[in-house]
Amino acid sequence: MSVENPASALEVSQALIRCPSVTPEEGGALDLMETLLKPLGFECQRLPFDCANTYGVDNLYARRGTSGPVFGYGGHTDVVPVGDLQAWTVDPFGGAVVDGKLIGRGAVDMKGSIGAYVAALTRFLNAPQNKNFDGSLSLIITGDEEGIGQNGTKKVLEWMADKGETMDVCLIGEPTSNDVLGDMVKIGRRGSMNFSLSVRGIQGHTAYPQLASNPIHPLVTMLHNLLEEPLDSGTEHFPPSSLQLTTIDVGNTTTNVIPADAKAHFNVRFSDLYSSEQVEAWVRERLHRADFEYDLQIRVSGESFLCPPGPLSGLISQSIEKITGIKAELGTSGGTSDARFIKDYATVAEFGLLNDTAHKVDEHCSVQELEDLSRIYESMLKGYFKV
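So that you can map any letter, position 381 of the sequence shown is 381 in full-length UniProt numbering, and since no number is skipped, the others follow by simple counting.
Okay, here's the thing in structure tokens:
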């Protein structure tokens, strides 16, 4: 697959959308990235990773230049499944433009951002006045952001550290805007933990409760204790931490049987007031109040983190205002992203398209906003390298 005009954010984004790269399939997306980056002077490394009990993933690391400072970009070409294909009004992998909107899986999350950035790179590097800028450019493009995240950016960063490859700052192109392009820049993320709570009782007849032990009753008490009071009221850059129940399962299909088991699952998104260990302690203390045995399984998706406002977030904000006239808010809302890995290696901030159609049927972005995003990215490059 080729792109006639690599300086066009729309054309590059369309070409990427036409690559069916549902996690963990590469779908031709990384091949396309190489064909776009190599003519710009980037050295490209394909980095396939796998490990036990996971799927294999292909990734791309590209770098242009050998000196510092290094401006990095992080993104993912993998996308979530299309869902109900019949509900789509266009081919989800066709890259169609309808009424000024680019429609397709990944249009906002996040092939549109990658297309906008590649187009910005093309214009920036092909401009005669920018030929001799001091510094380097690098990209980490993974195929495992929408999946379990074990064989993607995390492994690429470890490979980079082993090879002595560094970044000073890293822009991540996740869809951060809420109502209009440029209204939100993410300078951190809440931590995320998933809990599976199981309570074991003794099955019996509802007419003879004294001969049974109903696990639902203590489970209800435990859940009440968890929901009775919030973890916190938020901080300067973080909204209040949130505990959300996702399922309550008993599996009882009859009306006269006390079940033997009851389960609940919940997720906690936590602010910078907590580590995952502190959240676990908070949860367990409230579960213990029920004075009933339980089993708790925990999976930590990521810790909370904050890259305080500084030169990178300032550069992004200035570029947004220059192109759109909008003053961006610096926030930490939303889900987790690969920023949780990159923040240990470089100053990181996230900025991209509107997030309102991410993962939805007919996912789309405005063509005008796509081109504006590319201009913002180009302005950032000029500002960072002072050309």
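Backbone N, C-alpha and C define an ideal beta-carbon position, used for all residues, glycine too.
For the 8 Å CB-CB criterion, V3 and L353 do not form a contact.
Taking S275 as the centre and dropping the five residues before and after it, the same chain places the C-beta of E303 closer than 7 Å to its C-beta, in chain order.
For D261, the enclosing beta strand (DSSP E) begins and ends at 261-270.
By the neighbour-count criterion, in which a residue is buried when 16 or more other Cβ atoms sit within 10 angstroms of its Cβ, V257 is exposed. For the pair F266 and S241, the Cα-to-Cα distance works out to about 13 Å.
Our two residues, L32 and E43, have alpha carbons roughly 14 Å apart in a direct line. Rounded to the nearest whole angstrom, the C-alpha separation of G104 and I216 is 44 Å. From the listed residues Y294, E285, T235, the smallest Cα separation to K263 is found for Y294. The beta carbon of D261 sits closer than 8 Å to the beta carbons of S198, V199, R200, G201, P215, V250, G251 from its chain, once the five residues preceding and following it are set aside; these are given in chain order. Secondary structure of N194 (DSSP, three-state): strand. In the three-state reduction of the DSSP assignment, M160 falls in the helix class. Rounded to whole angstroms, the gap between the alpha carbons of G27 and G135 is 32 Å.
Residue pairing from DSSP places G302 in a beta bridge opposite S192. The shortest CA-to-CA distance from Y55 to any of V12, G152, N178 is the one to G152. Closest by C-alpha distance to F71, out of R46, L121, T77, L36, is L121. Contact annotation: D78 and E158 have beta-carbon atoms that are not nearer than 8 Å. Going by DSSP, T35 is part of no beta strand (DSSP E) but of the alpha helix (DSSP H) stretching over 29-37.
Annotation for H76: the continuous beta strand (DSSP E) segment containing it runs 70-76. Residue range 9-17 is occupied by the alpha helix (DSSP H) that includes A15. The Cβ atoms of G115 and A9 lie closer than 8 Å to each other. Contact annotation: L37 and A7 have beta-carbon atoms that are not nearer than 8 Å.
Rounded to the nearest whole angstrom, the C-alpha separation of F351 and I376 is 10 Å. E369 has its alpha-carbon roughly 20 Å from the corresponding atom of V90. Counting only the Cα atoms, I326 lies some 25 Å from G106. DSSP links C170 through a beta bridge to G72, V348. When DSSP states are grouped into helix, strand and coil, T153 belongs to the helix group. In the displayed model, V387 falls within coil according to three-state DSSP, outside both helix and strand. Between the beta-carbon of P230 and that of A290 there is about 19 Å, and that puts the pair past the 8 Å contact cut. 8 Å or more divides the Cβ of G143 from the Cβ of T332. The Cβ-Cβ distance between G65 and L139 does not fall below 8 Å. Judged by DSSP in its simplified three-state form, E145 adopts coil rather than helix or strand. M110 sits in coil when the DSSP states are folded into three classes, being neither helix nor strand.
Beta-bridge partners assigned by DSSP to F49: V57. The three-state secondary structure of M184, taken from DSSP, is strand. Nearest Cα to L171 within the set V387, E165, L381: L381. For C307, no pairing in a beta bridge is given by DSSP.
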